[in-house]
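What the sequence shown shows, in UniProt numbering, is residues 1 to 92, in sequence order.
I have placed the structure first, in the form of structure tokens, so that the comments after it can refer back to it.
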Amino acid sequence: MARARARHILVNTEAECLALKEQIESGTDFAKVAKEKSGCPSGAQGGDLGEFSRGQMVREFDEVVFSGELNKVHGPVKTQFGYHLLEITSRT
């Protein structure tokens, strides 16, 4: 069964999500941004979601996490919760 580890940042608007992505791609640490800006409790852990299997997260997450490039910031990804930046840190 496929497993992955990822971290994410959750915000309310696509514009904020894009601005944060630009900051990260310009060199700001993903975990630092997650701790300061994420609306998800995982923000306290730098956005770390731990390891999970396909189907444990919402469909939009699965599509990115189980097909996207590792160690790259993906997003904005829109879900019922808001807009996310995702970084896939490992996948098996």
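Cβ atoms here follow ideal geometry from the backbone N, Cα and C, with glycine treated the same way.
All of these numbers come straight from a predicted model, not from anything done at the bench.
Run the CB neighbour count on residue i, radius 10 Å, all protein chains shown included, and call it buried at 16 or more, exposed below.
i: alanine 15; result: exposed
i: valine 11; result: buried
i: leucine 49; result: buried
i: serine 26; result: exposed
i: valine 33; result: buried
i: glutamate 36; result: exposed
i: glycine 43; result: buried
i: alanine 19; result: exposed
Going by the CB atoms, is the gap between residue j and residue i shorter than 8 Å?
i: valine 73; j: lysine 21; result: yes
i: arginine 3; j: threonine 92; result: yes
i: valine 67; j: methionine 1; result: For the record, residue 67 in the displayed sequence is serine; it is not valine. Contact flag unset, no.
i: valine 77; j: glutamate 60; result: yes
i: valine 58; j: threonine 79; result: yes
i: phenylalanine 30; j: glutamate 69; result: no
State the CB to CB distance for the pair residue i and residue j, rounded to an integer number of angstroms; the pair is presumed to be in contact (CB under 8 Å).
i: histidine 8; j: glycine 46; result: Histidine 8 to glycine 46, Cβ: 10 Å. No contact.
i: glycine 82; j: glycine 39; result: 7 Å
Which first and last residues belong to the beta strand (DSSP E) in which residue i is found?
i: phenylalanine 52; result: 48 to 53
i: lysine 37; result: Element bounds for lysine 37: not the beta strand (DSSP E) but the alpha helix (DSSP H), 30 to 37.
i: glutamate 87; result: 82 to 91
Over what stretch of residues does the alpha helix (DSSP H) that includes residue i continue unbroken?
i: glutamate 22; result: 14 to 25
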